[in-house]
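Undergrad:
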Amino acid sequence: MLENTHANCGGRCLTVEYTNKVGEVAKKHGLKLHIDGARIFNASTALGVPVSKLVQAADSVSVCLSKGLGAPIGSVIVGSKSFIAKAKRLRKTLGGGMRQVGILCAAAYVALHENVDGINQIKELSIDMSSIETNIIFFDILEGSNVTVEKLVQFLEKHGILVMPASSSSIRLVLHHQISECDVQYTLSCIQQAVQLQVENVRN
0 MLENTHANCG GRCLTVEYTN KVGEVAKKHG LKLHIDGARI FNASTALGVP VSKLVQAADS
60 VSVCLSKGLG APIGSVIVGS KSFIAKAKRL RKTLGGGMRQ VGILCAAAYV ALHENVDGIN
120 QIKELSIDMS SIETNIIFFD ILEGSNVTVE KLVQFLEKHG ILVMPASSSS IRLVLHHQIS
180 ECDVQYTLSC IQQAVQLQVE NVRN
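Sequential numbering from 0 applies to the sequence shown in numbering that gives the first Met the number 0.
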């Protein structure tokens, strides 16, 4: 299985060439290749490559409609007719299924048809593509800075900003299409306040 973009690597994109090589190795050994494409449209935008090319070596692909595209809920799985038929049987066997999902499907339809082209813009934000490939950002806390991930996360949460600890010394932030430049500036301001507050508390 491959993940594109790769969340734990900061939203890095897997290229067509890399994916195709993995696909060749998988077929050589009689294996199936599945691509976790939760944010495959972000990878497509960053690389300037159609999604179809990014997944051409895969036997199956899953796509999240909420993470990268902003739908309220939903995922789809793509594969051959026989694969989808088997997936449906397994879903029913395991008790999966929802009723009256038309309104959710409508939201997913809008996300697919209206939000894909805007991924590379994310409102008025600009991204330094030399260091960040998509919408996932990691930042590290320098050793000896007297700032802890736990306190930083707590401070930000109190100010309405949700971030995720990636390790004992790093934090992950993810942008989406509803985040504005003002939101980013507010977040940066809160981070600066949190760091300054922790440093001052240590000094005192």
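Each residue gets a CB set at the ideal place from its N, CA and C atoms; glycine is no exception.
#1: Entirely within the region 50-90 and at least 3 residues each: give me those beta strand (DSSP E) ranges in chain order.
#2: Taking Cβ to Cβ, would you say Cys63 is nearer than 8 Å to Ala86?
#3: Do His175 and Gly10 have their C-beta atoms within less than 8 Å of each other?
#4: Can you grab the Cα-Cα spacing for the pair Met163 / Asn134, in whole Å?
#5: Note the first and the last residue of the continuous beta strand (DSSP E) segment covering Ser166.
#6: What is the residue span of the alpha helix (DSSP H) that Leu46 lies within?
#7: Under 8 Å, do Ala6 and Leu32 count as touching if we go by C-beta distance?
#8: If you drop the 5 nearest sequence neighbours on each side, which residues of the same chain put their C-beta closer than 6 Å to that of Ala193?
#9: Using the DSSP secondary-structure output, state which residues sit across from Leu111 in a beta bridge.
#10: How would you label Asn200, buried or exposed, when you count the other beta carbons within 10 angstroms and need 16 or more for buried?
#11: May I ask which residues mark the beginning and end of the beta strand (DSSP E) holding Val146?
#12: Let me check understanding here. Comparing Cα to Cα, which of Leu89, Ser59 and Met97 lies closest to Gly236?
#13: Could you tell me the distance, in whole angstroms, from the CA atom of Val60 to the CA atom of Glu2?
#14: Just how far apart, CA to CA, sit Ile190 and Ile136?
#15: If you drop the 5 nearest sequence neighbours on each side, which residues of the same chain put their C-beta closer than 8 Å to that of His138?
TA: According to the structure data:
#1: 59-63 and 74-78
#2: Counted from its first residue, the sequence shown places residue 63 at position 64. Counted from its first residue, the sequence shown places residue 86 at position 87. Going by C-beta atoms, Cys63 is not nearer than 8 Å to Ala86.
#3: Position 176 of the sequence shown holds residue 175. Position 11 of the sequence shown holds residue 10. No, the pair does not count as a contact, with Cβ atoms beyond the cut-off.
#4: In the sequence shown, the residue the question calls residue 163 occupies position 164. In the sequence shown, the residue the question calls residue 134 occupies position 135. Rounded to whole angstroms, Met163 to Asn134 spans 14 Å at the Cα level.
#5: In the sequence shown, the residue the question calls residue 166 occupies position 167. Segment Met163 to Ser166, the beta strand (DSSP E) holding Ser166.
#6: Residue mapping note: residue 46 aligns to position 47 of the sequence shown, counting from 1. Where Leu46 is concerned, the enclosing alpha helix (DSSP H) stretches over Ile39 to Leu46.
#7: Counted from its first residue, the sequence shown places residue 6 at position 7. Counted from its first residue, the sequence shown places residue 32 at position 33. Not closer than 8 Å, so no.
#8: Here the question's residue 193 lines up with position 194 in the sequence shown. So the list reads Leu151 and Phe154, once near-sequence residues are dropped.
#9: The residue labelled residue 111 in the question sits at position 112 within the sequence shown. According to DSSP, which records beta bridges pairwise, Leu111 is partnered with nothing at all.
#10: Residue mapping note: residue 200 aligns to position 201 of the sequence shown, counting from 1. Under this definition Asn200 is an exposed residue.
#11: Sequence index remark: in the sequence shown, residue 146 carries index 147 (1-based). Taken as a continuous stretch (DSSP letters only), Val146 belongs to no beta strand (DSSP E), as it is neither H nor E.
#12: With the chain covering only 0 through 203, there is no way to say anything about residue 236.
#13: Residue mapping note: residue 60 aligns to position 61 of the sequence shown, counting from 1. Residue mapping note: residue 2 aligns to position 3 of the sequence shown, counting from 1. The alpha-carbon atoms of Val60 and Glu2 are separated by roughly 10 Å.
#14: For the purposes of this step, residue 190 is taken as residue 191 along the sequence shown, with counting starting at 1. For the purposes of this step, residue 136 is taken as residue 137 along the sequence shown, with counting starting at 1. One C-alpha to the other measures close to 14 Å.
#15: Counted from its first residue, the sequence shown places residue 138 at position 139. Correcting the residue type first, residue 138 is Phe in the shown sequence and not His. For Phe138, where only same-chain residues beyond five positions count, the Cβ hits under 8 Å are Ser169, Ile170 and Leu172.
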